[in-house]
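Asker:
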Amino acid sequence: MRLLEISAVAKAFRRGRVTVSAVDSVSLSLDAGETLGIIGESGSGKSTLGRLAVGLLVPDTGYVGFDGVDLASISRTELRRLRSDIQVVFQEPFESLDPKMRIIDIVQEPLNIHRRDMSAGERRRHAHETLDRVGLPDALRRNRPAQLSGGEQQRAGIARAIVTGPRLLLLDEPTSSLDLSLRAGILQLLLDLQRERNLAYLFVSHDMSTIEYVSDRVAVMYRGRIVEEGPAQEVVGAPMHPYTRLLMDARLPTDPRRRAATRPDLVPRRPAGDNFCVFYDGCPIAVPQCGTTEISLTRLGDQHSVACLLATGIDAGHSTAS
Numbered sequence: 001m002r003l004l005e006i007s008a009v010a011k012a013f014r015r016g017r018v019t020v021s022a023v024d025s026v027s028l029s030l031d032a033g034e035t036l037g038i039i040g041e042s043g044s045g046k047s048t049l050g051r052l053a054v055g056l057l058v059p060d061t062g063y064v065g066f067d068g069v070d071l072a073s074i075s076r077t078e079l080r081r082l083r084s085d086i087q088v089v090f091q092e093p094f095e096s097l098d099p100k101m102r103i104i105d106i107v108q109e110p111l112n113i114h115r116r117d118m119s120a121g122e123r124r125r126h127a128h129e130t131l132d133r134v135g136l137p138d139a140l141r142r143n144r145p146a147q148l149s150g151g152e153q154q155r156a157g158i159a160r161a162i163v164t165g166p167r168l169l170l171l172d173e174p175t176s177s178l179d180l181s182l183r184a185g186i187l188q189l190l191l192d193l194q195r196e197r198n199l200a201y202l203f204v205s206h207d208m209s210t211i212e213y214v215s216d217r218v219a220v221m222y223r224g225r226i227v228e229e230g231p232a233q234e235v236v237g238a239p240m241h242p243y244t245r246l247l248m249d250a251r252l253p254t255d256p257r258r259r260a261a262t263r264p265d266l267v268p269r270r271p272a273g274d275n276f277c278v279f280y281d282g283c284p285i286a287v288p289q290c291g292t293t294e295i296s297l298t299r300l301g302d303q304h305s306v307a308c309l310l311a312t313g314i315d316a317g318h319s320t321a322s
């Protein structure tokens, strides 16, 4: 059984009088000890998908299952019990750490909630051991978050996330606010922890280089849909979808004017529920049939899938719908 199973999940939000589809019919899975990278630009729906995956949001339709348990069907009390198995490391560590609490108390707090079988002394010792593991010096542990650097704050956030021994972590842009030297240290820490604890990571990022470094598999999102998904080496080394290729180009230090010219417009022009290519308006190689033919993720091999009429070689005169 897959640790995380997402099937045909959709989520929309009201913005004034307009309904915006943030996630549209997405299906994904994740095994223990595996990292699935979710890549896409701002507005692609990747963070919403991450929050749906860990039960922070309830899908409008579809199924999100953790170890066979439907997260949308259980009570708040049951979901709270699962929090020791499902944790989140956020993009801005300072915003996720209580500014009034000391770091050691922040890290111990999840144990106070989920591990009442431990004595107060045992919970304190375990919090210190976890801070040791993430490399936060003892001298900083009675400080408040504002007294720590960005990298130190993120180490505290990681310690809080792993202190209960979770099985799944949502990592939502965990290094995007850090400079390059700090970023490398945090990424290596996360990889080491994964190997030691067999953690499953859902790693959300807009940076293809980071996703390539940490991921076993990659899912590329655009306007709420997965347009390409497969092993990281294949998606990064031989991208099949035009949007994935643009993301790869954008990571290169090319002329900023060229990057601006190739950056796709993320303002939705298509009503929710249409199944033709969501990248049709911004695709440099689109043909007219791309805007009228129903397109879904199609297998190119054992594990690599793409939602592109031209990449899959589907007869442009026929719908992919069964």
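The sequence shown begins at 1 in the numbering used here and counts up by one. Using N, Cα and C, we set each Cβ at its ideal position, and we do this for glycine too.
In whole angstroms, what is the alpha-carbon distance linking Q153 and T35?
Answerer: So the alpha carbons of these two residues sit roughly 23 Å apart.
Asker: DSSP on L309, reduced to helix/strand/coil?
Answerer: In the structure shown, L309 sits in a helix (DSSP, three-state: H, G or I).
Asker: Under the rule that 16 or more other beta-carbon atoms within 10 Å means buried, what is Q303, buried or exposed?
Answerer: Its Cβ having fewer than 16 others within 10 Å, Q303 is exposed.
Asker: Restricting to Cα atoms, I'd like to know which of Y222, A286 and L300 is closest to S25.
Answerer: Here the closest residue by C-alpha is Y222.
Asker: Note down the Cα distance separating Q147 from I103, rounded to an integer number of angstroms.
Answerer: One C-alpha to the other measures close to 10 Å.
Asker: Which residues in the same chain as L170 place their Cβ atom closer than 6 Å to its Cβ, once the five residues preceding and following it in sequence are excluded?
Answerer: G50, V54, V88 and L202, listed in sequence order.
Asker: Among S73, L56, I113 and A156, which has the Cα closest to the Cα of S96?
Answerer: Among S73, L56, I113 and A156, the Cα nearest to that of S96 belongs to A156.
Asker: Just grab the DSSP bridge partners of S205 for me.
Answerer: According to DSSP, S205 bridges with I39.
Asker: For G326, does the count of other Cβ atoms within 10 angstroms reach 16, so buried, or fall short, so exposed?
Answerer: Residue 326 lies beyond the range of the chain shown here (1 to 322); nothing can be said about it.
Asker: Quick check on K11: buried or exposed, where buried means 16 or more other Cβ atoms within 10 Å of its Cβ?
Answerer: K11 should be labelled buried.
Asker: I need the DSSP call for T61, collapsed to helix, strand or coil.
Answerer: T61: strand per DSSP, three-state reduction.
Asker: Whose C-alpha, out of S176, V69, A307 and M208, is nearest the C-alpha of G151?
Answerer: Closest by alpha carbon: S176.
Asker: Output the distance between the C-alpha atoms of R2 and P99, rounded to the nearest integer angstrom.
Answerer: Roughly 37 Å separates the two Cα atoms.
Asker: If I follow the unbroken alpha helix (DSSP H) through D105, where does it start and stop?
Answerer: Counting along the chain, the alpha helix (DSSP H) containing D105 begins and ends at I103 to H114.
Asker: With which residues is M221 paired in a DSSP beta bridge?
Answerer: DSSP output for M221 lists I226 as bridge partner(s).
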